[in-house]
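Keeping their order, the protein sequence lines are chains C and U.
Under our numbering, the first residue of the first sequence is numbered 98, with each subsequent residue one higher.
Under our numbering, the first residue of the second sequence is numbered 39, with each subsequent residue one higher.
Every residue, glycine too, gets a C-beta built ideally from N, C-alpha and C.
To keep things clear, I will list the structure first and then write my remarks on it.
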Amino acid sequence: MAPPRLNTRGDEVLFRAGTGTFALLLIAIVGAIALALYEGSRLSIQAFGWQFWRTDTWDPVVGQFGARPFIWGTLYSSILALIISTPVALGIAIYISELAPEALRRPLVFVTELLAAIPSIVYGLWGIFVLVPFVRGLQVATPEWLRGVPLFEGPPLGVGMLSAALILSIMVIPFSSSVAREVLKAVPQSQREGAYALGATRWEAIRMALFYARTGIVGAVMLGFGRALGETMAVTMVIGNSPNISLSLYAPQYTMAAVLANEFAEATDDLYLNALVEIGLVLFAITLVINVISRTFIWSMDRQRRPRLVRTAAMRAGA
Amino acid sequence: MTLVHTSVPALAVPPRDAPLEPWQRPVAIDVERLNFFYGAKRALEDISVRISSHLVTAFIGPSGCGKSTFLRTLNRMNDIIPGTRVEGKVLIEGRDIYAPGTDVVALRRRVGMVFQKSNPFPKTIFENVAYGVRINGLTRSRAELEERVEESLQSAAIWDEVKDRLHDSALALSGGQQQRLCIARALAIRPEILLMDEPASALDPIATQRIEELIYSLKSSYTIVIVTHNMQQAARVSDRTAFFWLGRLIEYGATDRIFTNPAEKLTEDYVTGRFG
Ligand SMILES: Nc1ncnc2c1ncn2[C@@H]1O[C@H](COP(=O)(O)OP(=O)(O)OP(=O)(O)O)[C@@H](O)[C@H]1O
Ligand SMILES: [Mg+2]
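See below:
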């Protein structure tokens, strides 16, 4: 009897120590990345301070660096991608988990999974050869009265914010839809049955399942957003790479990831290099903040379930 | 007092092992030769039974004998399980609920259901009860809705415990309270028939007793069918008992008689605890 118990204990200690070490290591790595980025951008931080976040000029020749157009481009393209991809991803998830006949589910899951496995650069090529000409067609066909609206201003170039947002949406859909699908699958059947038993139609029962899964669905959408923020290659290939701050979907713009990918190899003087690294730092910080916001959001939705947990914990403590 | 005799004509197919007793009440649910299949597997065999209105009918039998399956055929809850099939008839007010063109949503509104594990929605207590009323558009104003919610919570004997916390999450209630909330939710759409699948099996004796008292008080207004594993419970709450075994209805009759003087050997063995 004794040896196996000792063994399990030993295993457990080892297991705890091992996982604990990895967890600490993870935190250390994140810290080290932040530190390295900070070190690498010190010159630019000293030279521009907060102006770096607030100014629009990006001119390596005169040594003027402001990151605002890139921050704008990253956030704008990602938010647009979120708006476009969320309904589609949810629709796919609902169809696969709630509506599709059994025989169709696996193939559909397989196809969405396949979409996620395509390399970014391949999306970019497809973007250049198919999506950009298509978007240019749309732009040419824009009726005159619409062109006055700030969203649709500008010459029909094809490359620009709309192409970037569309390609991001397509790339993000497999991720958010597969998380949403898993989340829906985890909704207990008893919830749907409860709704049906009260005279719910199929759509009403699905809405109940969505409501039950809302926290996870927000998580799925946020995951997509996080991916869109950092996506580099495909966006670089279709966004037009021009540092503008514009509401127009047709205007060529730029993102943080794209400017890093494009200019890092050419950055010769130290200040230029430091400015680029600072953009990396900003991207890092924004991703961190977005994650914190989404966590808080998810956590606040979770609160509805908390009293029960607190009670059971209290009961256990009392017992 | 005029004894309400069955006004229905004699069954075309006499119910197996379940002779109609002379005091049979008006029939709420009339099941004729019902067979049920999960894929190729037959879970119910030729069930014929007449469930009297405004009485409590208990379904008993060993695990896996098809009690839940049968209960769920009565409000077509099995429709949502893919690959299932029904043969035979279930007549409610003379109309076959499996006839083509039946409005299943309307059927489920008339035949309410309470599940074994309480399944409140992750919403407030108020919203749980209001849900069915809302989706079926049963009330016209907020005041009317509030009235309906209160009335249902009162019928389910939980009003006093929750009246000060209607807008708190239903998930913070205890297991027994959650189950009574689910009963209130089912009552709120004013069904005629209430199906309960082991409503107290997850509860402690005190909560169980409350549910049993509740069933007793509801019986004047509803026809109640309850599945239970607990023999004493069946004896306490029900007027009629149906004993199932391996997908077949073995015996059906007045609860007193089933427990004191069963006609079938199998029933006797089961109610005396010799198996199951
Ligand atoms: N969804 C399903 N798919 C396939 N077979 C099922 C399904 N549900 C139940 N069955 C089978 O049908 C038979 C009857 O099951 P049912 O749940 O009706 O029994 P029960 O009498 O309610 O049992 P218990 O007392 O354990 O709840 C069992 O053999 C069971 O395995
Ligand atoms: Mg059962």
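Q: Look at the Cβ atom of residue 369 of chain C, then the Cβ atom of residue 216 of chain C, and state whether they are nearer than 7 Å.
A: No, Cβ-Cβ distance for residue 369 of chain C and residue 216 of chain C is not below 7 Å.
Q | Pick from C:308, C:143, C:110, C:264 that is closest to residue 181 of chain C, judged by C-alpha positions | A | Taking only the C-alpha atoms, the option nearest residue 181 of chain C is C:264.
Q.
Are there any heavy atoms of ligand 2 lying less than 6 Å away from the beta-carbon of residue 207 of chain U, as far as the coordinates show?
A. No, the Cβ of residue 207 of chain U stays beyond 6 Å of every heavy atom of ligand 2.
Q: Could you tell me which residues DSSP puts in a beta bridge with residue 279 of chain U?
A: Answer is U:96, U:291, bridged to residue 279 of chain U.
Q) Would you call the CB atoms of residue 262 of chain U and residue 232 of chain U closer than 7 Å? A) Yes, they are a contact pair.
Q) Helix or strand or just coil, what does DSSP make of residue 161 of chain C? A) Secondary structure of residue 161 of chain C (DSSP, three-state): strand.
Q) Of the residues C:305, C:164, C:222, C:241, which one's Cα is nearest the Cα of residue 330 of chain C? A) The shortest C-alpha separation from residue 330 of chain C is found at C:222.
**Q.** Any 3 or more C-beta pairs closer than 8 Å across the stretch 311-328 of chain C and the stretch 226-233 of chain C
**A.** In short, these stretches do not touch, since the Cβ pair count stays below three.
(Q) If the criterion is Cβ atoms closer than 7 Å, does the pair residue 265 of chain U and residue 94 of chain U meet it? (A) At a Cβ-Cβ threshold of 7 Å, residue 265 of chain U and residue 94 of chain U do not count as neighbours.
(Q) Under 7 Å, Cβ to Cβ, is there at least one residue of chain U near residue 298 of chain C? (A) It does: the Cβ of residue 298 of chain C has a partner Cβ on chain U nearer than 7 Å.
Q. Would DSSP call residue 308 of chain U helix, strand or coil?
A. In the three-state reduction of the DSSP assignment, residue 308 of chain U falls in the helix class.
Q) Who are the near neighbours of residue 158 of chain U in its chain, counting only those whose CB is closer than 7 Å to its CB and skipping five residues on each side? A) By the criterion of a C-beta distance shorter than 7 Å, residue 158 of chain U is surrounded in its chain by 166, 208, 209, 216, 219, 220, once the five residues flanking it on both sides are discounted.
(Q) Closer than 6 Å to a non-hydrogen atom of ligand 2 - does that hold for the CB of residue 106 of chain U? (A) Residue 106 of chain U: yes, Cβ under 6 Å from ligand 2.
Q: Compare the C-beta of residue 291 of chain C with all C-beta atoms of chain U and state if any pair is closer than 7 Å.
A: Chain U, which has a Cβ nearer than 7 Å to the Cβ of residue 291 of chain C, makes this yes.
Q: Starting from the Cα of residue 63 of chain U, find the closest Cα among U:84, U:190, U:133, U:90 and give me that residue.
A: Minimum Cα distance to residue 63 of chain U is reached at U:90.
**Q.** Per DSSP, cross-strand counterpart(s) of residue 128 of chain U
**A.** Its beta-bridge partners are U:69.
Q: Could you tell me whether the Cβ atoms of residue 347 of chain C and residue 338 of chain C are closer together than 7 Å?
A: No, the Cβ-Cβ distance between residue 347 of chain C and residue 338 of chain C is not below 7 Å.
Q: Within the same chain, show all residues whose beta-carbon is closer than 8 Å to that of residue 183 of chain U, passing over the 5 residues directly before and after it, in chain order.
A: Residues 168, 171, 172, 177 of the same chain have their beta carbon placed closer than 8 Å to that of residue 183 of chain U, with the five preceding and five following residues left out of the count.
Q: Kindly indicate the opening and closing residues of the alpha helix (DSSP H) around residue 185 of chain U.
A: Residue 185 of chain U -> alpha helix (DSSP H) spans 180-193.
Q | Cβ-based burial, residue 52 of chain U [other Cβ within 10 Å; buried from 16] | A | Interpretation of residue 52 of chain U is limited by its pLDDT of 40, a score under 50 that renders its predicted location unreliable; no figure is taken from the coordinates.
(Q) What are the residues in the stretch 173-199 of chain U lying within 7 Å of chain C by C-beta distance? (A) The residues in question are 173, 174.
**Q.** Close beta carbons around residue 250 of chain C, own chain, < 6 Å, minus the five adjacent residues each side
**A.** If we look at residue 250 of chain C and ignore the five residues flanking it on each side, its Cβ neighbours are 345.
Q. How would you list, in chain order, the residues of chain C whose beta-carbon sits under 8 Å from the beta-carbon of residue 108 of chain U?
A. Chain C residues near residue 108 of chain U: none, gap ~16 Å exceeds 8 Å.
Q. What three-state label does DSSP hand residue 82 of chain U in the structure shown?
A. Here residue 82 of chain U sits in strand by DSSP.
Q: Using a Cβ cut-off of 8 Å, pull out every chain C residue sitting near residue 234 of chain U, in sequence order please.
A: Ordered by position in chain C, no residue passes the 8 Å Cβ test against residue 234 of chain U, which lies about 11 Å from the chain.
Q. Helix, strand or coil for residue 183 of chain C per DSSP?
A. Correct three-state label for residue 183 of chain C: helix.
**Q.** Test item: CB-CB of residue 241 of chain U and residue 214 of chain U under 7 Å
**A.** Taking 7 Å as the cut-off, the Cβ atoms of residue 241 of chain U and residue 214 of chain U count as close.
Q) Which whole-angstrom value is the C-beta distance of residue 279 of chain U and residue 293 of chain U, which I expect to be below 8 Å? A) Correct: roughly 5 Å between the Cβ atoms.
Q: Quick one: grab the DSSP three-state call for residue 148 of chain U.
A: Correct three-state label for residue 148 of chain U: helix.
Q. What residue from U:68, U:87, U:111 has the CA that sits closest to residue 75 of chain U's CA?
A. When the alpha-carbon of residue 75 of chain U is set against those of U:68, U:87, U:111, the nearest one is in U:111.
(Q) Between C:290, C:120, C:192, which has its C-alpha nearest residue 151 of chain U's C-alpha? (A) Closest option to residue 151 of chain U, judged by alpha-carbon separation, among C:290, C:120, C:192: C:290.
Q | Buried or exposed (CB count within 10 angstroms, at least 16 for buried), residue 108 of chain U | A | By the Cβ-count criterion, residue 108 of chain U is buried, with 16 or more other Cβ atoms from all chains shown falling within 10 Å of its own Cβ.
Q: Given a cut-off of 7 Å, decide if residue 209 of chain C and residue 260 of chain C are closer than it, judged by their beta-carbon atoms.
A: Using a Cβ distance threshold of 7 Å, residue 260 of chain C and residue 209 of chain C do not count as a contacting pair.
Q) According to DSSP, is residue 295 of chain C helix, strand or coil? A) Three-state result, residue 295 of chain C: coil.
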